[in-house]
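*Asks:*
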Amino acid sequence: MPGVPQIPILKSAWTLLPFIGTTNLLRFHEAAFQRYKTYGKILWEAFRDRRLVWVFDANDAEVVFRHEGKYPMREGFEAMALYRKMRPQYYGSTGLLLVHGKEWYNFRSKTQTYLLRPKLVHQYLPIMNEIANEMIERIHSIRSRSDSSIDDFVKELYRYALETIGLIALDCRLGSLKKDETDSSSDAQIIIKCANDILMLNSLLDSQILAMWRLLGRPVGKIWSKFIEANDQFTQICFRYIEKTKNRVKEVKTEQNQDASILQLLLMRPDFTPSEAVTMILDMFLAGIDTTSHSTAYTLYFLAKHKDVQAQAREEIKRVVGKSPVISEEMIADLQYLKACIKESQRLNPVVFANERTLSEDIVLSGYRVPAGTMIVIGHYVMSRLEEYFPDPFSYKPERWLRKVNSVSANKRSYKEDIHPFAVLPFGFGPRMCIGRRIAMQEMLLFLSKILQNFEVDYEGDELRMINRTVTCPEKPLRFKFFKL
Ligand code: HEM
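Take a look at the structure:
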């Protein structure tokens, strides 16, 4: 198998060095594309004392996922796991993102009922509609009087995502959408900043060069101290809200409660300890802010750049939703074109640019035997930009994702273009797939529908480029203009 050249001691990590290196940590997705161009659709490199195999072939991706077994293993977040072990008073488990094996399986089986069962997620529609409406009100009131613009709109999307997670997870309002909320020392703003910082510092601590800390058993230095500080602040503030919710719901024990927050539902389970429930809620806050905000921002960017697509999406909203301020479950089901707009944006600009699996058995990929225990990185950002899978791959074309007319409805993969089902997997695949995906999609669809109902959206800045900080984010602030319809 082709491989990245090795040098003594540093092995493949020389690629991260300034001047001679070919990899910028912040642009790892672009470096992955460069690796594909240099070595082809499969290659290996040394990662610490192990082998890591990059996979850019959709058939290979399928083979990997089909062999992941009952307990899929996705490595990473080691510094985070270490931090959580240092804070047992807050973290009853290291959490879904980080645990493996049977412990992961048990935790996941108990939690996914509440986050993935469509009926339960739909129950949150009324309150999510309310928050999306408040967000629209906020846009009306904060856009500039002279040219209707809002600078750095991603910051606004963080507020929307946080407020939504707070309400679903804890049935509590953080107040981040209030018209006059600009205070950087407010709880909401601190949570957002800490979540951003934790993901950024985590990507540094998990990287090849800084990961040398493993030799010492624990990280040291400024990045680690900042990581602890951000985690402590984040945990303590979220914990305060969790405690408030716990006290409030102590008396309400009925499972029939339609408005129960996820924390309440988890606390009612006899097989779940309160500290495990708390860990799940903390993970929802950590995993649910940057991901949905950036994904929404990328879609809004493409809609603003492609006025024809925006017009067509608006036509669909007019037909399905009309002027209704409340978007129902049935309406959401009918928003096929808007869903295609999101999917096409996730193809070009995924929030998670590569996924990972470590298998417990040997497999064969592109004719090469890959031993059990190898880190296998599936490079979706690269794969979904290949001509072989997507004709005219760099163009934004939501129509690719529309179902063929007369397609057999049971065959869900019958798209207008022949799309390989493993080429674009924004939420991952299999039993370990994103547990927040239904909430995230509901949140994005509500927001984008209401934006298109209310505004014509414009974007005039530089072309969007991403950087990577565990999840991808826009490199520069995105400035949109919102013209009232
Ligand atoms: C557009 C938004 C989002 C994207 C693109 C996204 C993407 C992903 C991906 C790719 C994974 C890895 C899946 C795999 O290994 O196959 C993942 C895992 C996860 N996500 Fe999301 N996510 C999003 C929103 C959310 C939200 C809103 C939450 C919380 C409510 C969340 C919570 C999690 C958790 C806890 C995991 C770990 C699941 C496990 O290992 O069992 N995510 N996400």
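Count the sequence shown with the numbering used here and you get residues 1235 to 1719, in order.
Where a beta carbon is used, it is the ideal one built from N, C-alpha and C, also for glycine.
Do you know offhand how far V1560's Cα is from T1704's?
*Replies:* Computed Cα separation, rounded: 34 Å.
*Asks:* In whole angstroms, give me the CA-to-CA distance for V1554 and K1389.
*Replies:* The straight-line gap from Cα to Cα measures roughly 29 Å.
*Asks:* Hey, how far is the Cα of N1702 from the Cα of N1481?
*Replies:* 39 Å
*Asks:* So, with DSSP's three-state summary, where would you put A1644?
*Replies:* Confidence in A1644 is poor, its pLDDT being 48 and thus under 50, which makes the residue's placement unreliable; the coordinate value appears in the next sentence. Reduced to three states, the DSSP call for A1644 is coil.
*Asks:* Can the beta-carbon of S1579 be found less than 8 Å from the beta-carbon of T1533?
*Replies:* yes
*Asks:* Alpha carbon to alpha carbon, how far is S1419 from Y1348? Give it in angstroms, no decimals.
*Replies:* 32 Å
*Asks:* Can you give me the C-alpha to C-alpha distance between F1262 and T1249, rounded to a whole angstrom?
*Replies:* 11 Å
*Asks:* Do Y1317 and F1468 have their C-beta atoms closer together than 8 Å?
*Replies:* no
*Asks:* For the beta strand (DSSP E) containing D1692, list its first residue and its last residue.
*Replies:* Segment 1689–1693, the beta strand (DSSP E) holding D1692.
*Asks:* Does the Cβ of G1607 have 16 or more other Cβ atoms within 10 Å, making it buried, or fewer, making it exposed?
*Replies:* exposed
*Asks:* Extract the residue ranges of the alpha helix (DSSP H) inside the region 1459–1535, only unbroken runs of 4 or more that lie entirely within it.
*Replies:* 1496–1501, 1508–1522
*Asks:* So if DSSP puts E1279 in a beta bridge, which residue, or which two residues, is it bridged to?
*Replies:* Its beta-bridge partners are L1286.
*Asks:* Is the beta carbon of R1393 closer than 8 Å to that of L1404?
*Replies:* no
*Asks:* When every heavy atom of the ligand HEM is checked, does at least one fall within less than 7 Å of the C-beta of A1674?
*Replies:* The closest heavy atom of the ligand HEM lies less than 7 Å from the beta carbon of A1674.
*Asks:* For the region 1273–1284 and the region 1240–1257, state whether three or more C-beta atom pairs, one from each stretch, are separated by less than 8 Å.
*Replies:* Contact annotation: the region 1273–1284 touches the region 1240–1257, with at least three C-beta pairs closer than 8 Å.
*Asks:* Check whether the region 1295–1303 and the region 1585–1603 are in contact - that is, three or more C-beta pairs closer than 8 Å.
*Replies:* yes
*Asks:* What separation, rounded to the nearest whole angstrom, lies between the Cα atoms of I1426 and L1682?
*Replies:* 21 Å
*Asks:* What residues in its chain sit with their C-beta under 7 Å from that of T1398, if we drop five residues either side in the sequence?
*Replies:* M1362, I1365, E1677
*Asks:* Got a sec, what are the start and stop residues for the beta strand (DSSP E) N1589 sits in?
*Replies:* Per DSSP, N1589 is one residue of the beta strand (DSSP E) stretching across 1589–1592.
*Asks:* Am I right that K1478 and C1406 are in contact with their C-beta atoms under 8 Å? What's the rounded C-beta distance?
*Replies:* 7 Å
*Asks:* So, under 8 Å CB-CB, R1713 and S1383 are touching, yes? Tell me the CB distance rounded to an integer number of Å.
*Replies:* 6 Å
*Asks:* Inspect the beta-carbon positions of W1338 and L1330 and report whether they are closer than 8 Å.
*Replies:* In this structure, L1330 lies closer than 8 Å to W1338 by Cβ.
*Asks:* Between R1591 and I1576, is the Cβ-Cβ spacing less than 8 Å?
*Replies:* no
*Asks:* State the CB to CB distance for the pair R1377 and F1716, rounded to an integer number of angstroms; the pair is presumed to be in contact (CB under 8 Å).
*Replies:* 5 Å
*Asks:* Spatial neighbours of S1344 within its chain, please: C-beta separation below 6 Å, excluding the five flanking residues on both sides.
*Replies:* Strictly speaking, residue 1344 in this sequence is Lys, with Ser absent from that position. The residues are F1506.
*Asks:* Quick check: the Cα distance between G1670 and L1391, rounded to an integer number of angstroms?
*Replies:* 17 Å
*Asks:* Starting from P1708, trace the alpha helix (DSSP H) both ways and give me its first and last residue.
*Replies:* Element bounds for P1708: not the alpha helix (DSSP H) but the beta strand (DSSP E), 1705–1708.
*Asks:* Might you give, ordered along the chain, the residues of its own chain that have their beta carbon closer than 6 Å to the beta carbon of T1257, omitting 5 neighbours on each side?
*Replies:* T1249, L1250, A1265
*Asks:* Just the Cα atoms here: how many angstroms apart are L1497 and Y1615?
*Replies:* 34 Å
*Asks:* Among R1603, V1586, D1524, Y1324, which residue has its Cα nearest to the Cα of I1471?
*Replies:* Y1324
*Asks:* What does a CB cutoff of less than 8 Å around I1276 pick up in its chain, not counting 5 residues either side in sequence?
*Replies:* M1235, P1236, V1287, W1288, V1289, F1290, D1291, D1294, L1599, S1600, Y1602
*Asks:* M1514 to T1328, Cα distance in whole Å?
*Replies:* 9 Å
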